[in-house]
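So the protein lines, in turn, are chains A, B, C and D.
Per the working numbering: the first sequence = residues 1 to 363.
Per the working numbering: the second sequence = residues 364 to 726.
Per the working numbering: the third sequence = residues 727 to 1089.
Per the working numbering: the fourth sequence = residues 1090 to 1452.
As structure tokens, the structure follows; a few thoughts come after it.
Number of protein chains: 4
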Amino acid sequence: MASVWNHNINLSIFGESHGPAIGVVLDNLPSGEHIDMNALMSFMARRAPKKNKTSTQRREKDMPQIMSGLYNDKTTGTPLCALIQNTDQHSNDYSNLSKLARPGHADYTGAVRYSGFNDGRGGGHFSGRLTAPLCFAGAVAGQILERRGIYTGAHILEIHGIKDKSFDPVKTSRDEIKQIREKEFPTLDDKQGRLMIKDIEKAGKCLDSVGGIVECISINVPAGIGSPIFEGLENSIASLVFGIPAVKGIEFGVGFNCAKMLGSENNDEFYVDEHGHVVTRSNNHGGILGGISSGMPVTLRVAFKPTPSIAQPQKTVDYSSLTNETIKIKGRHDPCVVPRAVPCVEAAVNIALLSHMLDYPNF
Amino acid sequence: MASVWNHNINLSIFGESHGPAIGVVLDNLPSGEHIDMNALMSFMARRAPKKNKTSTQRREKDMPQIMSGLYNDKTTGTPLCALIQNTDQHSNDYSNLSKLARPGHADYTGAVRYSGFNDGRGGGHFSGRLTAPLCFAGAVAGQILERRGIYTGAHILEIHGIKDKSFDPVKTSRDEIKQIREKEFPTLDDKQGRLMIKDIEKAGKCLDSVGGIVECISINVPAGIGSPIFEGLENSIASLVFGIPAVKGIEFGVGFNCAKMLGSENNDEFYVDEHGHVVTRSNNHGGILGGISSGMPVTLRVAFKPTPSIAQPQKTVDYSSLTNETIKIKGRHDPCVVPRAVPCVEAAVNIALLSHMLDYPNF
Amino acid sequence: MASVWNHNINLSIFGESHGPAIGVVLDNLPSGEHIDMNALMSFMARRAPKKNKTSTQRREKDMPQIMSGLYNDKTTGTPLCALIQNTDQHSNDYSNLSKLARPGHADYTGAVRYSGFNDGRGGGHFSGRLTAPLCFAGAVAGQILERRGIYTGAHILEIHGIKDKSFDPVKTSRDEIKQIREKEFPTLDDKQGRLMIKDIEKAGKCLDSVGGIVECISINVPAGIGSPIFEGLENSIASLVFGIPAVKGIEFGVGFNCAKMLGSENNDEFYVDEHGHVVTRSNNHGGILGGISSGMPVTLRVAFKPTPSIAQPQKTVDYSSLTNETIKIKGRHDPCVVPRAVPCVEAAVNIALLSHMLDYPNF
Amino acid sequence: MASVWNHNINLSIFGESHGPAIGVVLDNLPSGEHIDMNALMSFMARRAPKKNKTSTQRREKDMPQIMSGLYNDKTTGTPLCALIQNTDQHSNDYSNLSKLARPGHADYTGAVRYSGFNDGRGGGHFSGRLTAPLCFAGAVAGQILERRGIYTGAHILEIHGIKDKSFDPVKTSRDEIKQIREKEFPTLDDKQGRLMIKDIEKAGKCLDSVGGIVECISINVPAGIGSPIFEGLENSIASLVFGIPAVKGIEFGVGFNCAKMLGSENNDEFYVDEHGHVVTRSNNHGGILGGISSGMPVTLRVAFKPTPSIAQPQKTVDYSSLTNETIKIKGRHDPCVVPRAVPCVEAAVNIALLSHMLDYPNF
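Written out as structure tokens, the structure is:
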């Protein structure tokens, strides 16, 4: 299976960038969950191209149409399918790419994998457009989780070396999460956000692109969610997050910084708080111990490479004739995928959390 | 499922630290593959406690006994089960831990997850001992891969801020990989390795522990292995690697550093080499594009937190009585898990690669 | 998962009888397989309501629209999604059923399963209409198999006690299979077929319905396809066939008759034929031994209950008010589902065979 | 995967008839379930060879040893592994079979499937001995179900044409189920049982064997268990039951007889009983509608072919030299597998039911 993820919920994503439609089937959702379509559209709008110069000028309505699984605005429990029509393809933009491997893209690897039969137009099934159905699924999961008090939010932590401040891993509130979602350019420190926007625009003007990091937090996840070894929250979240194109790394809690720490620094001491809950003062463990939630916020960071589509001439190969060539990529491309990736990371985390919540006796 | 991983191969790990045995079932291996038991034991010996002061003094032979799936030293194609007896448990070492949550451990989260019924002795199913069956599985997979020219090696890249040099992501050879496996303390730069050993020993003497990073490389992986979206090599490797206790992050290629780069720096230009192969000059993409191998070495780094078991007194809770307490952990513990984690990372990568190779028409 | 089947291929079926559309996603098909849309439509037409009185007068074009996974009429290898619009619903036909459990239907069990939130109109996701996407998937699989010489055909073996003759389990030819597919009412003995049609029409006139048996055969399946224990051909075929509503039994080879036989009668002796192939003279084993194909034709029979929707008044309950009631089912219904079930059984067998063929080294 | 079954619970069976051991891993059992080892041994004893002449004289203690997953006699929730040593192999009994395909066995198909590398001694992984771990798993599942009032029992319905009476599909009681389990030869009508025993013994004396049917019933299964399409109770039970060697058919409720019925006969009318429960007067549907339990007893019948190992000379092939040969099978074999298959069918049903119960909110 390539585009299927399964843990209690079966998530099957389909579609190509320039085919008739893309979409998703979500099987085994709990029944009777109200889905607010306006809230869902707002979630998906955060993934849509930005009106400023930081993203592609390709415009699509990306209105998901529900084909099944929703009745009187409530989940039926049977498979939920959503379809997103492709309405704004400019296939001829890509016509000169047909046999040239765009550096940093899956053109060459996809052609080898599928013996050249995959639909390469606009990246085909490898296109970033396939994150739209992921966001749909994540938005649905998010609404089900929020009804149980669990809120997930994400922001841009870094763009091309310019850093935002981090979420407080212990005290981040529901209001802070809601606030960050409202922002056109989601950083905690707007001043740093403006520097990032300038940097992205500059990269775009220079026919270049930039990478960055998204930080994500989930609050009010009850303790005891997840399983040991291969079905821990970290495994599940990672296996979904690497489904977003351009992701090159993921870390939980202090992440790679733990390599510089002593155990006495890194261990989060437990205490019983004033409500009688077992909590930790610090949260280096990112809310997960042994794959299972501790009750502390779940925190993670995801690294995104710079958009591989850049308009500069690049050396590459024609993988059909096996000759060395130069490529100049036309078409509309984000000089930075990170702003639009923010809801994608949230979506992946929502799906993982909901899928593990379904193991929970009193869900 | 908790301890089951499945992609073409079904890997089911079982056992608790202080039960009769731990082990693994590998279902759907190719048949007719010769398994060299001596080489397999050598692989597993690299995970065994070191004779120096960098690891626990607990000694176990950890000889895997094959229960099924091997006949005349060749895989039968039917399920391969290996059992490792637990012979050196000192359960009373853990007797005072029964209701106290060791900070950084899964005692509390496991108790919530399993309503207190899990076997908590020595961490039970959450114990680092469960990496022994993972190494067994990875060693078997590795032998099958090496017969096809694919070699995977790993080394300690960093311990508590002390850094080794990195693998050359383009030119690392089979001999270099074989060499690093022979080392008692696998670093590329032995001088840095000695500094690390001293640092680990010092941490041990201070009743503390240290974290670090393992870097791994796989060479000669043919182009076209892996699948898009959720079944990419990155997803599969990550979902296995987070099955190793203490892992807090994973990155591929340049990983988190891509957040500081321009697209023009990060993109690896393709060219046709003197053998007519499509290759790249640099390897920032870590041998994976769109989830699929490019033919370049697959490179990744894994962050390990400091051993949570430290002998210093630590504040914690009794999660039964919900009272604040102090814990002093006795027993034998590695002041750093990283040296013993090196073959575990290799094992995870081997299993992921073999599982995806089985999709390959001419495997 | 409810509506997902997975063995190498991931098959996800979605939709409700009276929603906007039903459909299917097929993930992990081999790439580069030509799909003949005319042949595919012919396959699906065999499932469509018959023009005579043996089936519902509901008319739907049931034209599948390909959303993804097909490019230049060849499979891309990435997920293939087909959508079938629902265009001919008469929801008000069902308006009086809302809280009355139709006997023999899943109204009551579905309502309990989904706490009343499932879309009950026309049976919702439990509707026989959901066999249309199954047929689509089976038709695709069938074309891929036929290119490799494997042909699957089915016929009506029995309707309400009236029997057709059986396929020859050893000698049935490709031409016989092609011939039976062309028939409007697929029986081997047309005289018996006419008796069946009369019986079905009579049942319809009496506001009643009848059950029957479909027999299926697959020829030229190479030896060695399938796996032991839970992934045998029998397990896979059965798990798909029970996905067709109204199926109450399945048997392979001589099936239940083996309960009356001696081992010396039932065992099929092997011999080497004039082409040097290992074959058996008889085929009581139905082409499967130990879950694995023997090279002999795969044979099976599937029992279908009489259509539960009958227009006679029936005693039942209102499962909302928990009162005893009488129901009179309106709407258009087949007095016998068996004729339209014939391609559904073929489809299930095709999917199972293709999925196991993908394990085969030289597929 | 071959020997792995997965639905909420992951069941992995391993071992070969003449290897060191066979066994099973059960992952994702609920935690805290008390397992009575004596009751478990009694369950498994019902599968053991009978002391009379109806079964093989091979004697094995078949004592399962728990390797993990049980602590203080309660399930931990982490993987439960049980091992059964092979202690009574007479491998030389099989020495003359090495290249001759025993008719009705998987020798030839297994050799093709695994390119000759599978362990063929005593059938290897295809041996009926592999039903011992299935029974272990089913006995564990059964104890968990019985604690919730759900009882499953089975009996021999037919041997070589000699018939027992059937379970009452509506009124069968817990006591009747318990009673039938106590019987050395489980028939409802002991007189018919004695005729069957005589017939089996006669077949044995004639160097022949006989087939039969097992009937199974589960009572007190709550309504609402199971899912539509591919995850119905029928699909799950069938996919497990075909994991028992020699099974050639399965039917639910009236099964194949529905092919002779009218809808008005077959439909089970609902009514509200004196306790306010929705029930049906008849139970032709076998307790399952749309894949989901109705609250009525779940009933099914399973057909077993005559033991293929018969001591008469049989024509066959040497599949290595591709020559026609005659085989005379030595060794110890049951002239009828049906008596020992009774608990195997119960086991399969228990596993399916428990796995679907785990979807249930208030399990």
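Think of the CB as a built atom: it goes at the ideal place given N, C-alpha and C, for glycine as much as any other residue.
What you are looking at is a predicted structure, and each value in this text was computed from that prediction instead of being measured.
A contact is defined here as three or more CB-CB pairs under 8 Å, and the stretch 1328 to 1337 of chain D fails this definition with respect to the stretch 738 to 746 of chain C. Listed along chain B, the residues sitting closer than 9 Å to His1214 (chain D) by beta-carbon distance are Ser431, Gly432, Thr439, Gly440, Thr441, Pro442.
For Gly1300 (chain D) against Lys1163 (chain D), the beta-carbon gap comes to about 41 Å, at or over 8 Å, which does not count as contact. Excluding the 5 residues flanking it on each side, Leu463 (chain B) has same chain C-beta neighbours closer than 7 Å at Thr679, Asp681, Glu688, Ile690, in chain order. Between the stretch 699 to 712 of chain B and the stretch 346 to 359 of chain A there are fewer than three C-beta pairs closer than 8 Å, too few to call the two in contact. In the DSSP annotation of this structure, the continuous segment of the beta strand (DSSP E) that includes Ile429 (chain B) starts and ends at 428 to 431.
In the three-state reduction of the DSSP assignment, Glu33 (chain A) falls in the coil class, being assigned neither a helical nor a strand state. Listed in chain order, the positions of the stretch 202 to 230 of chain A with a beta carbon within less than 7 Å of a beta carbon of chain D are Pro228.
Cβ atoms of Ile885 (chain C) and Ile943 (chain C) stay farther apart than 8 Å, at about 19 Å.
Rounded to the nearest angstrom, the Cβ distance from Thr857 (chain C) to Ser935 (chain C) is 17 Å, too far for a contact under 8 Å. Its chain contains Gly919, Ile923, Pro1065 as the residues whose beta carbon lies nearer than 7 Å to that of Phe911 (chain C), once the 5 sequence neighbours on both sides are disregarded; these appear in chain order. Three or more Cβ pairs closer than 8 Å define a contact, and the stretch 291 to 306 of chain A meets that threshold against the stretch 242 to 252 of chain A. Of the candidates A:Ile329, A:Asp164, A:Thr172, A:Asp164 places its Cα closest to the Cα of Lys191 (chain A). Close partners of Gly1344 (chain D) in chain C (Cβ separation under 9 Å): Lys974, Gly975, Phe982, Ala1029. Ala1230 (chain D) has its alpha-carbon roughly 43 Å from the corresponding atom of Cys258 (chain A). Each of C:Arg772, C:Lys776, C:Ser729, C:Leu806 was checked against the Cα of Asn754 (chain C), and the nearest Cα belongs to C:Leu806. Within chain A, the C-beta atoms nearer than 8 Å to that of Val680 (chain B) come from Phe270, Tyr271, Val272, Val278, in chain order. Judged by DSSP in its simplified three-state form, Thr323 (chain A) adopts strand.
Residue D:Ser1398 holds the alpha-carbon nearest to the alpha-carbon of Glu991 (chain C) among D:Gly1121, D:Ser1398, D:Gly1217, D:Leu1129.
One Cα belongs to Ala384 (chain B), the other to Ser794 (chain C), and the distance between them is close to 49 Å. Boundaries around Gly23 (chain A) are those of the beta strand (DSSP E), 21 to 27, since no alpha helix (DSSP H) includes it. Nearest CB-CB separation between Phe136 (chain A) and chain C: not below the 8 Å threshold. When secondary structure is reduced to three states using DSSP, Glu960 (chain C) falls in the helix class. With a threshold of 8 Å between beta carbons, Phe1206 (chain D) makes contact with chain B. Boundaries of the beta strand (DSSP E) around Phe615 (chain B): 610 to 615. Only residues of its own chain outside the window of five on either side were considered, and among them Ser743 have a CB closer than 6 Å to the CB of Gly849 (chain C), listed in chain order. Inter-residue distance for His1082 (chain C) and His733 (chain C) is about 7 Å (C-alpha atoms, whole angstroms). Annotation: Lys1041 (chain C) is outside any alpha helix (DSSP H); the continuous beta strand (DSSP E) that includes it extends over 1039 to 1044. Residue pairing for Lys904 (chain C): DSSP places it in no beta bridge. Taken in chain order, the whole beta strand (DSSP E) runs of length 3 or more contained in the stretch 255 to 293 of chain A are 270 to 272, 278 to 280.
The stretch 510 to 524 of chain B makes contact with the stretch 533 to 542 of chain B: 3 or more CB pairs, one atom from each, lie closer than 8 Å. Listed in chain order, the non-local C-beta contacts of Ile1018 (chain C) below 8 Å within the same chain comprise Ala949, Gly950, Ile951, Gly952, Ser953, Pro954, Gly958, Leu959, local neighbours out to five positions each way being set aside. Gly1227 (chain D) places its beta carbon less than 8 Å from that of Ala1436 (chain D).
Against chain B, the CB of Phe43 (chain A) has no partner CB under 8 Å away; the residue lies outside that interface. Separation of the CB atoms of Phe480 (chain B) and Thr1165 (chain D) is rounded to 6 Å, and the pair is thereby assigned contact status at 8 Å. One Cα belongs to Leu1048 (chain C), the other to Gly1365 (chain D), and the distance between them is close to 7 Å.
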